[in-house]
Amino acid sequence: MQSLLDQLIESTSWLQGLPVGLVYAAGMVIACNLVLVYASALAGETVWLERRVSGRMQARIGPNRVGPQGLLQFLADGLKLLGKEDIVPKTADKPIFLIAPIIVFVGAFAAFAVVPFGHYLVAADMNVGIFLVLSLTSIEVVGIIMAGWASNSKWAILGAMREVAQMVSYELPLGLAALSIVVLAGTMNLSEIVYQQEGWFWNWYVFRGPFAFVAFFAFFVSALAALKRAPFDLPEAESELVAGFHTEYTGFRFAVFFLAEYAAMILFSMVTAILFLGGWSPGFDIDLSGPLSRWIGALILFGKTIALLFVMIWVRWTLPRFRIDRVMYLCYKVLLPVSVVCVVGMAIQVLLAMTVFGGRANAFGTWLMGGG
Amino acid sequence: MSESTDTPAAPPADPVTERALAVLQAAIPDGVVAYELTGGHPWIQVRAEDLRAACWLLRDHADTKLDCCHLISGVDWPDAGEGGELEVVYHLCSFELKPEPGYGQRALKNDPWVALKVRVPRDPGEVPTVMDIWTGADWHERETWDLVGVRFTGRRELRRILLPDDWPGHPLRKDWEYPASYHGVPIIPPEGY
Amino acid sequence: MAERGPDLRSGGEPEGAVEIHERQEAVGRDLRTEEMVFNMGPQHPATHGVLRVAVRTDGEHVRALQPHVGNIHRCAEKIGESLPYYQWIPYLDRMDYLAAICNEHVGCMAIERLGGIEVPERAEYIRVIVAEVQRILSHLMAIGVYGLDLGAFTPFLHQFRERERGMDLLDHISGGRLLYHYIRIGGVKRDLSQDWLDELDAWTSEVERRMPEYNTLLLHNRVFQERTFRVGIIDRDTGVRWGVTGPGLRAAGVDWDCRRDAPYSIYDRFDFEVPYGASDIGGVLGDCFQRHWIRVREIEESLKIIRQAREQMPEGPVMGRVPKGFKPPAGEVYIRGENPRGELACYMVSAGKSDKAWRARCRGPSFSNIACITEIAEGQLIADLVAIIGSLDIVLGEVDR
Amino acid sequence: MPDDAQPGEVLLDPELQQSVILTKVQWVKDWGRRNALWPMAFGLACCAMEMMATAATKYDLDRFGAGVFRASPRQSDLMIVAGTLSHKMAPRLKRLWEQMPDPKYVIAMGACVIGGGPYSRYGYHVVQGVDLIVPVDVYLPGCPPRPEALIDAIRKLQFRIQERTGESLATIEAKTGRKGAGAARAS
Chain A
1 MQSLLDQLIE STSWLQGLPV GLVYAAGMVI ACNLVLVYAS ALAGETVWLE
51 RRVSGRMQAR IGPNRVGPQG LLQFLADGLK LLGKEDIVPK TADKPIFLIA
101 PIIVFVGAFA AFAVVPFGHY LVAADMNVGI FLVLSLTSIE VVGIIMAGWA
151 SNSKWAILGA MREVAQMVSY ELPLGLAALS IVVLAGTMNL SEIVYQQEGW
201 FWNWYVFRGP FAFVAFFAFF VSALAALKRA PFDLPEAESE LVAGFHTEYT
251 GFRFAVFFLA EYAAMILFSM VTAILFLGGW SPGFDIDLSG PLSRWIGALI
301 LFGKTIALLF VMIWVRWTLP RFRIDRVMYL CYKVLLPVSV VCVVGMAIQV
351 LLAMTVFGGR ANAFGTWLMG GG
Chain B
1001 MSESTDTPAA PPADPVTERA LAVLQAAIPD GVVAYELTGG HPWIQVRAED
1051 LRAACWLLRD HADTKLDCCH LISGVDWPDA GEGGELEVVY HLCSFELKPE
1101 PGYGQRALKN DPWVALKVRV PRDPGEVPTV MDIWTGADWH ERETWDLVGV
1151 RFTGRRELRR ILLPDDWPGH PLRKDWEYPA SYHGVPIIPP EGY
Chain C
2001 MAERGPDLRS GGEPEGAVEI HERQEAVGRD LRTEEMVFNM GPQHPATHGV
2051 LRVAVRTDGE HVRALQPHVG NIHRCAEKIG ESLPYYQWIP YLDRMDYLAA
2101 ICNEHVGCMA IERLGGIEVP ERAEYIRVIV AEVQRILSHL MAIGVYGLDL
2151 GAFTPFLHQF RERERGMDLL DHISGGRLLY HYIRIGGVKR DLSQDWLDEL
2201 DAWTSEVERR MPEYNTLLLH NRVFQERTFR VGIIDRDTGV RWGVTGPGLR
2251 AAGVDWDCRR DAPYSIYDRF DFEVPYGASD IGGVLGDCFQ RHWIRVREIE
2301 ESLKIIRQAR EQMPEGPVMG RVPKGFKPPA GEVYIRGENP RGELACYMVS
2351 AGKSDKAWRA RCRGPSFSNI ACITEIAEGQ LIADLVAIIG SLDIVLGEVD
2401 R
Chain D
3001 MPDDAQPGEV LLDPELQQSV ILTKVQWVKD WGRRNALWPM AFGLACCAME
3051 MMATAATKYD LDRFGAGVFR ASPRQSDLMI VAGTLSHKMA PRLKRLWEQM
3101 PDPKYVIAMG ACVIGGGPYS RYGYHVVQGV DLIVPVDVYL PGCPPRPEAL
3151 IDAIRKLQFR IQERTGESLA TIEAKTGRKG AGAARAS
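Dropping the structure here:
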């Protein structure tokens, strides 16, 4: 971001007259808003996408009356929720009840700051990118248990309990699967990780060795669980817990939960695309770093995100829900060992690449060791 | 199975009910008040105080093995006896004994069920429970109490099952009258239409 | 025990407290955490209507539960006493609104038996055909809704595709999509046309073609199997003791089907199998999976019956002679028939000299089936409780009548 | 203008009422409400099956944005009372309705909830009309109504929301202090 602003200041004469701090601050605010609006609109459209895709899968149509092909459906939903009565149950713990959606919202949206939407198109290009993404999304748990607790509803607390158990557990394989890519890449900076995958599609990290391939699936499944998407949607299992932790929330507070859920979906799809599927790299050797072509790159990343979202929707509308003990079984007895093996295997792979295959000296060694 | 469709000149006795009757008469000779072995709906009527003994027998005896209480119905006969009678009909069936062909003139050709009847005075209308003999009788008894007002004695608790607890009266009694309203919500009686 | 969870009761009446307390003593030996009492329903997506289940849970485990019914008690028996016989038939439809034809069938049989009315041959065949169509529709719904209970939304909507076509079939002959009033005392409302029969053939082959699709989504689905294996076991003893009938009892290994073992109407003329639970189909005897499997198999058997009935069906009238001002002689009748959910029994008492029944009593199979969850759901997870209620496939209209 | 003033705007200055911006805002608000009627997943009896059929494959209520069946009353706008309402259920229905946030709408689906239907005469336990318990916006006759009829009812409700600036009968009742149809006329 800073580099982008620096470029801007250099090329624009009237900006040079202003104090640098002011330009930076204004740039940051604008960038934040852009990211927020982009993420929110995308989340809204994901709801539409989900309804249309699920409709197609279920031999029906889905929303198609509001706007062209029902594209404005999310706007109608949002406007309606905005205008609803805001009920705080009498027995609820009011301050916590009111704060909880904000925390969930922050957890889901703040992580977008470090996610590059394209070449240079990133709000904060941090060297701890992936680490920050994982830690910020964990904040959501706090908001959810606050919501469940403060609602003073039995369904809500049960949903929150399930949610916390599930999310905290699945952070482990999620983090480890991401770690195996960090081992390969040698950096936690998300943009840097994408640069390393540029070129032909076999440079994508998912194809660099068996461990990365397995780690991709471990990451995606764990992400599904952390996102409480079906078949892991136990915290809001409608047939069991009415609506889970947000049973008592009305109007816009509920909309915030709803939006945060879809924003997190987009976030994880994007992060998966960046970590494993080459980010904005189209899969063949082409330079997309130009000021105009970087938007093409952004579109490519967008396409990959949508593809992953589609897979999430597909899975959701196909599988029945797991039971809580099976969810925990899957986490601790399947995914966790698998991702540990991935990390260790990846370290060995990088080590072998450095020693046996001659490191950066030959192409195969470079391919095998990535940036590590 | 084909001969069962033929109707003989004299209506034959129903074999299942006949066997049940033999079992009952051997064990509790005074218990059986009346019975009917022919026709579409054979039945045995026992005294209310012997009902539980009869039920235990019918359930456990090797000849009958009526292991399922299919239905308990209460029938109100306000004109019978002195001051009216309540009749409780137990339809018992067996999944243990396989049906045999040639079951006479029953409603259904070979359907192993037995109808056991009890008649008690309308007031207080007390019948011993059979809930401990067939667990499933629990809800049927509660329903019979709820709608017909048969008081089953000796069971855990007898409360309404379908209607709210403060509902007035038992609707399937012939002299029950429609209340004007329930908790402020009006009920229009049939004459009001 | 000084500390006890709140009461499960609604209005302060002494219900179930003793029993639950005793059970708690039994399970209370292991470590217990603070218990909560939930009210599942009457508005809850998993209770299939307006059933209310008071559940006492310890974390995710069900410690005790008490079903409360009666929320749509619609006085069908009182109406049966108050209206002439022929006017009662539509109310039978509304008792089990997912198997209206089967209800009509049994009810009409009872009334016909009471009045000694003969039903023409063709009408009997038509009754069997529509009753089996209804059974398939009901089982499709049961399968779909079970998927919904377990979180799989798609099978539910997919089955509606076939269900809609089947409902259209019945719509063509009766004029109603859900409640038909097609079977009348003495026969059926109107004859089947050749076009209708062709449509029926198309539909049956469509259902046959689609069934593997549903089985892929549910029956053979690993996640589904994990949810239903060894869950909510109703063994033979429990089932018979509580009066469970239908697929619930057959899953427990009881080889009993009224259609075959106590044939009513003309079911003894058809060759069909009665699927019953076995240990080699997966899961254990009497668990949720086996109940689901029985329903899937029964759809296939119903298709068989429909085809046979369609081939054997003779020509002739479809309405027998019913005297005007039908007044059956004094007497009683007890008829039971196999509904999709279990055995529907109809006990009717006629006092004679009247066109109204003295007592019209119906045994809704769901009434007995749901009573047994008190016993089988204890100690299961909440998610399993949903699976159990779903697998029993209750219709509240029939529980409450 | 004061004659057909909307109840929600009576406190405003008449001149302000005619301002373009305010009308547009109101229009947008209604547009949202109209197109996102989330029904509560709440079925009582037979009609609930037809309600499900309406939401399912062939009829697909989701086309109108009304297919998001919420299990929690807190998140639903529309209560489709589908089926027979009994005296035992009535207090619970009332409570569910009270839990729904404003603006909320009620469709009485089926003959039973309109006036007791086939059970009105001898059904001692059937409430003879859900409007004795909660205010009803759209009455939908039939036993059970066909899915097309339910779609029509929802379309009618949508048009009504747009015409009457989103005020549900409940809100109007609260504001005018009059009950049922009288309140509708008063608005």
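Residue numbers (the working numbering), protein chains in the order written: chain A, 1 to 372; chain B, 1001 to 1193; chain C, 2001 to 2401; chain D, 3001 to 3187. Note that beta-carbon positions come from the ideal geometry of N, C-alpha and C, so glycine has one too.
Q | Span of the alpha helix (DSSP H), counted from its first residue to its last, around C/Arg2259 | A | Residues 2258–2261.
Relative to the alpha-carbon of C/His2061, which residue among C/Leu2083, C/Ile2388, C/Leu2381 has its alpha-carbon at the smallest distance?
-> When each option's Cα is compared against that of C/His2061, the closest is C/Leu2381.
Practice problem: Measure the CB-CB distance between B/Glu1087 and B/Lys1117 and report whether it falls below 8 Å. | Solution: In this structure, B/Lys1117 lies closer than 8 Å to B/Glu1087 by Cβ.
> With 16 other CB atoms within 10 Å as the buried threshold, where does A/Pro291 fall?
Replying inline: Per the 10 Å Cβ criterion, exposed.
- Query: Do we get a CB-CB distance below 8 Å when we pair C/His2073 with the residues of chain B?
  - Reply: Chain B contact via Cβ: present.
Review point. Using the beta-carbon count (16 or more within 10 Å), is D/Ser3086 buried or exposed?
Key: Burial of D/Ser3086 is indicated by the presence of at least 16 other C-beta atoms within 10 angstroms of its C-beta.
From this set, C/Arg2074, C/Thr2374, C/Tyr2276, which residue's C-alpha is nearest B/Leu1147's C-alpha? With distances taken between Cα atoms, B/Leu1147 lies closest to C/Arg2074.
Name the chain D residues that come within less than 9 Å of B/Val1148, Cβ to Cβ? What B/Val1148 touches in chain D: nothing, since even the nearest Cβ is about 14 Å away.
*Taking Cβ to Cβ, would you say A/Ala43 is nearer than 8 Å to D/Ala3036?*
For A/Ala43 and D/Ala3036, no; Cβs fall outside 8 Å.
| task | Measure from the C-beta of D/Phe3042 to each C-beta in chain C and report whether the shortest distance is under 8 Å. | result | Chain C contact via Cβ: present.
Handout entry: Per DSSP, the bridge partner or partners of B/Ser1181
Key = Note: B/Ser1181 is bridge-paired with B/Pro1186 in the DSSP secondary-structure output.
- How is A/Trp204 classed by DSSP in three states: helix, strand or coil? Reduced to three states, the DSSP call for A/Trp204 is coil.
Q | Amino acids of chain C, ordered along the chain, whose beta-carbon sits closer than 9 Å to that of B/Pro1171 | A | For B/Pro1171, the residues of chain C that pass the 9 Å Cβ criterion are Cys2075, Glu2077, Lys2078, in the order they occur in the chain.
Mark B/Pro1171 as exposed unless 16 or more other C-beta atoms lie within 10 angstroms of its C-beta, in which case mark it buried. Here B/Pro1171 is buried: its Cβ has 16 or more other Cβ atoms, across all protein chains shown, within 10 Å.
Buried versus exposed, by CB contacts within 10 Å (16 or more), C/Glu2034: Exposed, by the Cβ-count rule.
Q) Apart from the five residues just before and just after C/Arg2029, which ones in its own chain have a Cβ nearer than 6 Å to its Cβ? A) Note that C/Arg2029 scores a pLDDT of 49, beneath 50, so its modelled location is shaky; the value from the coordinates is reported in the next line. In its chain, beyond the 5 residues on either side, no residue has a beta carbon closer than 6 Å to the beta carbon of C/Arg2029.
Just tell me which of C/Ala2123, C/Gly2243, C/Leu2385 has its CA closest to the CA of C/Gly2186.
Comparing Cα positions, the closest option is C/Ala2123.
From what residue to what residue does the beta strand (DSSP E) around C/Gly2337 run?
Start and end: 2331–2339.
* is_contact[B/Ile1161, chain D] using C-beta, thresh 8 Å -> It does not; no Cβ of chain D falls within 8 Å.
*To which residues of the same chain is A/Ile103 closer than 8 Å at the C-beta, ignoring the five residues directly before and after it?*
Answer for A/Ile103: Ile139, Glu140, Val142, Gly143, Met146, listed in chain order.
Can you check DSSP and say which residues form a bridge with C/Asn2221?
C/Asn2221 pairs with nothing; no bridge assigned.
Short CB-CB distance (under 8 Å) between A/Asn152 and chain D
Residue-level contact by beta carbon fails for A/Asn152 and chain D, as no gap is shorter than 8 Å.
CA-to-CA distance, C/Arg2321 to B/Arg1047, given in whole angstroms
Between B/Arg1047 and C/Arg2321, the C-alpha separation is close to 41 Å.
* Asked: For the beta strand (DSSP E) that contains B/Pro1128, what are its first and last residues?
  -> According to the DSSP assignment, B/Pro1128 belongs to the beta strand (DSSP E) that extends over 1126–1128.
Handout entry: Counted within 10 angstroms of its Cβ, other Cβ atoms place C/Glu2015 as buried (16 or more) or exposed
Key = With a pLDDT of only 41 at C/Glu2015, under the threshold of 50, the placement of this residue in the model should not be trusted; the figure read from the coordinates follows. It counts as buried.
Below-8 Å beta-carbon distance, B/Ala1115 vs any chain C residue:
Between B/Ala1115 and chain C, the shortest Cβ-Cβ separation is below 8 Å.
Open item on the list: So that I know if they touch, is there some Cβ in chain B lying closer than 8 Å to that of C/Gly2115?
Closed with: Taking Cβ atoms only, chain B never reaches closer than 8 Å to C/Gly2115, which makes this a no.
Practice problem: State yes or no: is the beta carbon of D/Gly3182 nearer than 8 Å to at least one beta carbon in chain B? | Solution: In this prediction, D/Gly3182 scores a pLDDT of 44, lower than 50, which makes its location untrustworthy; no coordinate-derived value is stated.
Open item on the list: For D/Ala3066 and D/Pro3039, which I take to be in contact (beta-carbon distance under 8 Å), what is that distance rounded to the nearest angstrom?
Closed with: Contact annotation, D/Ala3066 with D/Pro3039: C-beta distance approximately 6 Å; criterion of less than 8 Å satisfied.
### Message
With three or more C-beta pairs closer than 8 Å as the rule, is the segment 214–232 of chain A touching the segment 164–182 of chain A?
### Response
The segment 164–182 of chain A makes contact with the segment 214–232 of chain A; the number of CB pairs closer than 8 Å reaches 3 or more.
* Distance CB(C/Arg2209)-CB(C/Ala2251) smaller than 8 Å -> No, the Cβ-Cβ distance between C/Arg2209 and C/Ala2251 is not below 8 Å.
Legend entry - Pairwise C-alpha distance: C/Ile2143 and C/Gly2331: Roughly 40 Å separates the two Cα atoms.
Residue from A/Thr46, A/Leu5, A/Trp14 with nearest C-alpha to A/Ala26
Answer by Cα proximity: A/Leu5.
ask   = Given a threshold of 16 other Cβ atoms within 10 Å of its Cβ, counted over all protein chains shown, does D/Lys3029 qualify as buried or as exposed?
value = Buried, by the Cβ-count rule.
Exercise. Name the chain B residues whose beta carbon is nearer than 8 Å to that of D/Gly3155?
Worked result: In the sequence as presented, Gly is not what sits at residue 3155 of chain D; that position holds Arg. By Cβ distance, chain B contributes nothing, its closest Cβ being about 31 Å from D/Arg3155, past 8 Å.
* To do: Enumerate in chain order the residues of its own chain whose CB-to-CB distance from C/Val2130 is below 7 Å, with the five nearest sequence positions on each side excluded.
  => These residues qualify, in order along the chain: Ile2101, Leu2170, Tyr2182.
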